[in-house]
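Each remark here refers to the structure printed beneath this line.
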Amino acid sequence: AVRHTELRPVAERLYARLHQWFAVEIAAGVRDGEFHSCDPEAVADHTLALIDGFGVRTLIGDRRVPLKRARQAVQAALARELGLGEQPR
């Protein structure tokens, strides 16, 4: 979408759908007592930012961020935000 501006609306719709899905699921987890009280919209933003950031580094083959480490980092950050405690590695 950066290089091909005609794709921006498509990218915006995809991100909006992903954001909505994350926010709805996080809100359900808070409502059901599975997650600590949090702002589902903010956590959805953080989730997408983490996935995007680690995803780029993984896709370019950054040896310091292999896929397993990226997954662990995203899971650990979300566990902290959602109050899930220590996650298995």
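In the working numbering, the protein residues as written are 986 to 1074. All C-beta atoms, glycine included, are put in the ideal place defined by N, C-alpha and C.
Three-way DSSP call (helix, strand, coil) for residue 1045 in this model: coil
Helix, strand or coil, according to DSSP, for residue 1018 in the structure here? coil
Short check: CB of residue 1021 to CB of residue 1068, under 8 Å? yes
Inspect the beta-carbon positions of residue 1035 and residue 1062 and report whether they are closer than 8 Å. yes
Going by the CB atoms, is the gap between residue 1031 and residue 991 shorter than 8 Å? no
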